[in-house]
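**Student:**
Number of protein chains: 2
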Amino acid sequence: MDRRKIKTKKAITEAFNTLITKKRYEKISIQNIIDEADVGRSTFYEHFGTKDDLLRSRCHELFEHIFSQNDEKTTNHEFSNCPFDPLSKEFINANALKKIFTHILYHFLQEKKIIKGILYGESKDIFLGYLRKYLADVLNRIELSKTDLPRDFLTNHIAGSFIEATKWWADGNFLISPINLGEYLIQVIKI
Amino acid sequence: MDRRKIKTKKAITEAFNTLITKKRYEKISIQNIIDEADVGRSTFYEHFGTKDDLLRSRCHELFEHIFSQNDEKTTNHEFSNCPFDPLSKEFINANALKKIFTHILYHFLQEKKIIKGILYGESKDIFLGYLRKYLADVLNRIELSKTDLPRDFLTNHIAGSFIEATKWWADGNFLISPINLGEYLIQVIKI
DNA sequence: TATGTTTTCGAACATATTGTTTGATAATAT
DNA sequence: ATATTATCAAACAATATGTTCGAAAACATA
Chain P
1163 MDRRKIKTKK AITEAFNTLI TKKRYEKISI QNIIDEADVG RSTFYEHFGT KDDLLRSRCH
1223 ELFEHIFSQN DEKTTNHEFS NCPFDPLSKE FINANALKKI FTHILYHFLQ EKKIIKGILY
1283 GESKDIFLGY LRKYLADVLN RIELSKTDLP RDFLTNHIAG SFIEATKWWA DGNFLISPIN
1343 LGEYLIQVIK I
Chain B
1163 MDRRKIKTKK AITEAFNTLI TKKRYEKISI QNIIDEADVG RSTFYEHFGT KDDLLRSRCH
1223 ELFEHIFSQN DEKTTNHEFS NCPFDPLSKE FINANALKKI FTHILYHFLQ EKKIIKGILY
1283 GESKDIFLGY LRKYLADVLN RIELSKTDLP RDFLTNHIAG SFIEATKWWA DGNFLISPIN
1343 LGEYLIQVIK I
């Protein structure tokens, strides 16, 4: 890949990161982004078709990172308490679910300023759409109990609960630890 | 109130109702609304400051109606199974909660086309903000169990679960009955 | 170093939207 | 009958989007 391309892409995504911590997504214009990134108008459009494209690209990178297997290499010890294998086929119980949640929350905490910015307005839906998609694979491994609940209702409920808890967490400026929030979640979710 | 004012306001809100069933909120321009309502541009701005104002006005009316006491007068018998007194001070148990949910869901079902339209994109947040606000009063009457869960985490979780279930219901075109969905909810919420 | 390709840039352009202002016209209340 | 109030169309400034163009710079390759 051309060095210039990498540079511009980086400038644009960093401009986005800066702006999203200052004002909400819908108030950020493409003009703002190219001003902050200091690139030409047409240059932006050579990399991203729309503002949503840019956000989707950011979300894709983030979740690919979170749900990739080899991140126990991270220097942060706390992570090692809550590893999970996203490609495993094993059934998930309450304890496994807690580990998964906590693991994701640690990642969110690492980029909390940006995450919090994204968790408002329009950008929220796009971000949560990705989260829901990545969670779906994991949640489908939950063993269905004998209730008459449809599987998709249950997985939607659990994903929704995680999402709502995350928003609650961000709204309160990430006061409690990922481990605590994981525990809260397990206490309110019947599995 | 001036007859002309009432007429225009009605024309605008009905235009909004029509449009929201056809395309999502963010794609509806004020130009679209005044074309559909057949009113002048400046007239719109005499009634509503922004498009969001219009939506908020609609939400306010809807939730005032749902959470008002005297609506058992409705002709729909099914409602009478699930009345609730929003001004009561009594504690809420699982059964009371189920009645409240079912009651609200019946109202949503009555205007399902519009509700479904509103439940996408930007309009969703505004709508759900109102729902959350109105629910808060009720949910604060839930008796806290001996867990260490913060009250606002718990109420947020329950409101969130109801919201997610409602979206799931709307996405599936309101296939099951309000009573069924109310039962699903009670099955997944620990109280 | 020389050469051909790729990327960037700025400026201009068409198009669309928002929100405000104006004065004329018509409906309303009393 | 009259004073008030609501509506309307048309024009306006301001802002945003997405496209196009040719010139200039950075690049890969040999």
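In the order they appear, the protein sequences are chains P and B. Sequential numbering from 1163 applies to the first sequence in our numbering. Sequential numbering from 1163 applies to the second sequence in our numbering. Heads up, the beta-carbon is just placed ideally off N, CA and C, and yes, glycines get one too.
#1: Can you look up I1280 (chain B) in the DSSP assignment and give me helix, strand or coil?
#2: Relative to the C-alpha of T1292 (chain B), which residue among B:R1186, B:K1189, B:K1274 and B:D1214 is closest?
#3: Would the beta-carbon of P1340 (chain B) fall within 8 Å of that of L1267 (chain B)?
#4: Would you call T1212 (chain B) buried or exposed, if buried means 16 or more other Cβ atoms sit within 10 Å of its Cβ?
#5: Since F1315 (chain P) contacts W1330 (chain B) with CB under 8 Å, what's their CB separation in whole angstroms?
#6: Mind listing which residues of the region 1286–1317 of chain B have their C-beta closer than 9 Å to chain P's C-betas, in chain order?
#7: Does DSSP put I1266 (chain P) in a helix, in a strand, or in coil?
#8: Determine the closest residue to A1332 (chain P) out of P:Q1272, P:R1294, P:L1297 and P:K1261, with distance taken between C-alpha atoms.
#9: Give the residues of chain B in contact with G1322 (chain P), contact being defined as C-beta atoms less than 7 Å apart.
#10: Just curious, the alpha helix (DSSP H) that K1169 (chain P) is in, first and last residue?
#11: Taking the straight line between their C-alpha atoms, what separation do you get for G1301 (chain P) and F1263 (chain P)?
#12: With distances taken between CB atoms, is the gap from F1229 (chain P) to Y1187 (chain P) smaller than 8 Å?
#13: Could one say the Cβ of Q1231 (chain P) lies closer than 8 Å to chain B's Cβ atoms, at least one of them?
#14: Roughly how many angstroms separate the alpha carbons of A1327 (chain B) and K1274 (chain P), rounded to a whole number?
#15: Using the rule of at least 16 other Cβ atoms within 10 Å of the residue's Cβ for burial, across every protein chain shown, is F1270 (chain P) buried or exposed?
#16: On the CB-based measure, 16 or more other CB atoms within 10 Å of its CB, does N1255 (chain P) come out buried or exposed?
#17: Name the two residues that bound the continuous alpha helix (DSSP H) containing S1219 (chain B).
#18: So is K1185 (chain P) in contact with chain B if we call contact Cβ pairs under 8 Å?
#19: I1254 (chain B) bridges to which residues according to DSSP?
#20: When the Cα atoms are used, what is the spatial distance from I1348 (chain P) to D1299 (chain P)?
#21: Using only the alpha-carbon positions, how far apart do K1185 (chain P) and D1310 (chain P) sit?
#22: According to the neighbour-count rule (16 or more other Cβ atoms, all chains shown, within 10 Å of its Cβ), is G1279 (chain P) buried or exposed?
#23: Looking at chain B, is there any beta carbon in it that lies within less than 8 Å of the beta carbon of Y1207 (chain P)?
#24: Would the beta-carbon of I1174 (chain P) fall within 8 Å of that of A1199 (chain P)?
#25: Report back the beta-carbon spacing between G1322 (chain B) and G1322 (chain P) to the nearest angstrom; my notes put them in contact at under 8 Å.
#26: Please classify L1306 (chain B) as buried or exposed, where buried requires at least 16 neighbouring CB atoms within 10 angstroms.
#27: Measure how close the beta-carbons of G1202 (chain P) and I1196 (chain P) come, nearest whole angstrom, since I'm counting them as under 8 Å.
#28: Buried or exposed: which applies to Y1346 (chain B), given that a residue is buried once 16 or more other Cβ atoms fall within 10 Å of its Cβ?
#29: May I have the straight-line CA-CA distance separating N1342 (chain P) from K1260 (chain P), to the nearest angstrom?
#30: When DSSP labels each residue in this structure, what does I1190 (chain B) get in the three-state scheme?
#31: Examine chain P for any beta-carbon lying closer than 8 Å to the beta-carbon of H1239 (chain B), and answer yes or no.
#32: Under 8 Å by Cβ, that's how I've got F1210 (chain B) and L1216 (chain B) pegged, so tell me the actual separation to the nearest angstrom.
#33: Measure the CB-CB distance between F1336 (chain B) and R1303 (chain B) and report whether it falls below 8 Å.
#34: Considering only C-alpha positions, which residue in the set B:R1166, B:K1251, B:I1288 and B:N1179 is nearest to L1218 (chain B)?
#35: Where does I1338 (chain P) fall in DSSP's three states?
**Tutor:** Quick look at the numbers:
#1: Within the second sequence, residue 1280 (chain B) is the residue found at index 118, counting from 1. Of the three classes helix, strand and coil, the one that applies to I1280 (chain B) here is helix, per DSSP.
#2: For the purposes of this step, residue 1292 (chain B) is taken as the residue at position 130 of the second sequence. First, the residue type needs correcting, since residue 1292 (chain B) is Tyr and not Thr in the sequence shown. For Y1292 (chain B), the nearest C-alpha among the options comes from B:D1214.
#3: Translated into positions along the second sequence, residue 1340 (chain B) becomes position 178. Translated into positions along the second sequence, residue 1267 (chain B) becomes position 105. Result yes, Cβ atoms of P1340 (chain B) and L1267 (chain B) sit closer than 8 Å.
#4: Counting from one through the second sequence, the residue named residue 1212 (chain B) turns up at place 50. Counting Cβ neighbours within 10 Å, T1212 (chain B) comes out exposed, since fewer than 16 surround it.
#5: Locating residue 1315 (chain P) in the first sequence gives position 153, counting from the first residue. Locating residue 1330 (chain B) in the second sequence gives position 168, counting from the first residue. That pair is a contact at about 6 Å.
#6: Here the close residues are K1286, D1287, T1309, D1310, L1311, P1312, D1314, F1315 and L1316.
#7: Mapped onto the first sequence, residue 1266 (chain P) falls at position 104. DSSP places I1266 (chain P) in helix when its eight states are reduced to three.
#8: Taking the first residue of the first sequence as 1, we reach residue 1332 (chain P) at position 170. Considering only alpha carbons, the answer is P:Q1272.
#9: To locate residue 1322 (chain P), count along the first sequence from 1; it is residue 160. For G1322 (chain P), the chain B residues whose C-beta falls within less than 7 Å of its own C-beta are G1322, S1323 and E1326, listed in chain order.
#10: By one-based count along the first sequence, residue 1169 (chain P) stands at place 7. That run of the alpha helix (DSSP H) goes R1165 to I1182.
#11: One-based indexing of the first sequence puts residue 1301 (chain P) at position 139. One-based indexing of the first sequence puts residue 1263 (chain P) at position 101. Correcting the residue identity first, residue 1301 (chain P) is Leu in this sequence and not Gly. Whole-angstrom Cα-Cα distance: 11 Å.
#12: In the first sequence, residue 1229 (chain P) corresponds to position 67, counting from 1. In the first sequence, residue 1187 (chain P) corresponds to position 25, counting from 1. The answer is no: Cβ separation not under 8 Å.
#13: On the first sequence, position 69 is the one that residue 1231 (chain P) refers to. Cβ-Cβ to chain B under 8 Å: no for Q1231 (chain P).
#14: By one-based count along the second sequence, residue 1327 (chain B) stands at place 165. By one-based count along the first sequence, residue 1274 (chain P) stands at place 112. Cα-Cα distance, rounded: 28 Å.
#15: On the first sequence, position 108 is the one that residue 1270 (chain P) refers to. It counts as buried.
#16: Along the first sequence, read from residue 1 onward, the residue named residue 1255 (chain P) stands at position 93. Exposed, by the Cβ-count rule.
#17: Position 57 of the second sequence holds residue 1219 (chain B). Where S1219 (chain B) is concerned, the enclosing alpha helix (DSSP H) stretches over K1213 to I1228.
#18: On the first sequence, residue 1185 (chain P) is found 23 positions in, with the first residue counted as 1. Answer no: the Cβ-Cβ gap between K1185 (chain P) and chain B never drops below 8 Å.
#19: Counted from its first residue, the second sequence places residue 1254 (chain B) at position 92. Its beta-bridge partners are B:I1304.
#20: Locating residue 1348 (chain P) in the first sequence gives position 186, where the first residue counts as 1. Locating residue 1299 (chain P) in the first sequence gives position 137, where the first residue counts as 1. So the two alpha carbons sit approximately 19 Å from each other.
#21: Counted from its first residue, the first sequence places residue 1185 (chain P) at position 23. Counted from its first residue, the first sequence places residue 1310 (chain P) at position 148. Looking at the two C-alpha atoms, the distance is approximately 45 Å.
#22: Here residue 1279 (chain P) refers to the residue found at position 117 of the first sequence. With 16 or more other Cβ atoms within 10 Å, it is buried.
#23: Position 45 of the first sequence, counted from the start, is the residue given in the question as residue 1207 (chain P). The Cβ of Y1207 (chain P) sits no closer than 8 Å to any Cβ of chain B.
#24: Within the first sequence, residue 1174 (chain P) is the residue found at index 12, counting from 1. Within the first sequence, residue 1199 (chain P) is the residue found at index 37, counting from 1. The Cβ atoms of I1174 (chain P) and A1199 (chain P) sit closer than 8 Å to each other.
#25: Position 160 of the second sequence, counted from the first residue, corresponds to residue 1322 (chain B). Position 160 of the first sequence, counted from the first residue, corresponds to residue 1322 (chain P). G1322 (chain B) to G1322 (chain P), Cβ: 6 Å. Contact.
#26: Locating residue 1306 (chain B) in the second sequence gives position 144, where the first residue counts as 1. Exposed, since its Cβ has fewer than 16 Cβ neighbours within 10 Å.
#27: By 1-based counting over the first sequence, the position of residue 1202 (chain P) is 40. By 1-based counting over the first sequence, the position of residue 1196 (chain P) is 34. That belief holds up - the Cβ atoms of G1202 (chain P) and I1196 (chain P) are roughly 7 Å apart, short of 8 Å.
#28: For the purposes of this step, residue 1346 (chain B) is identified with residue 184 of the second sequence, where counting begins at 1. Y1346 (chain B) comes out buried.
#29: Position 180 of the first sequence, counted from the start, is the residue given in the question as residue 1342 (chain P). Position 98 of the first sequence, counted from the start, is the residue given in the question as residue 1260 (chain P). Near 10 Å, if we compare the C-alpha coordinates of K1260 (chain P) and N1342 (chain P).
#30: Position 28 of the second sequence, counted from the start, is the residue given in the question as residue 1190 (chain B). Of the three classes helix, strand and coil, the one that applies to I1190 (chain B) here is coil, per DSSP.
#31: By 1-based counting over the second sequence, the position of residue 1239 (chain B) is 77. Residue confidence for H1239 (chain B) is low, a pLDDT of 47 falling below 50, so the modelled location carries little weight; the figure read from the coordinates is stated next. With 8 Å as the cut-off, H1239 (chain B) does not count as an interface residue toward chain P.
#32: Along the second sequence, read from residue 1 onward, the residue named residue 1210 (chain B) stands at position 48. Along the second sequence, read from residue 1 onward, the residue named residue 1216 (chain B) stands at position 54. Going by Cβ atoms, the distance from F1210 (chain B) to L1216 (chain B) rounds to 5 Å, so yes, they are a contact pair.
#33: Taking the first residue of the second sequence as position 1, residue 1336 (chain B) is located at position 174. Taking the first residue of the second sequence as position 1, residue 1303 (chain B) is located at position 141. 8 Å or more divides the Cβ of F1336 (chain B) from the Cβ of R1303 (chain B).
#34: Residue numbering aside, residue 1218 (chain B) sits at position 56 when the second sequence is read from its first letter. Leu is not the amino acid found at residue 1218 (chain B); the sequence shown has Arg there. Comparing Cα-Cα distances from R1218 (chain B) to each of B:R1166, B:K1251, B:I1288 and B:N1179, the minimum goes to B:I1288.
#35: On the first sequence, position 176 is the one that residue 1338 (chain P) refers to. I1338 (chain P): coil per DSSP, three-state reduction.
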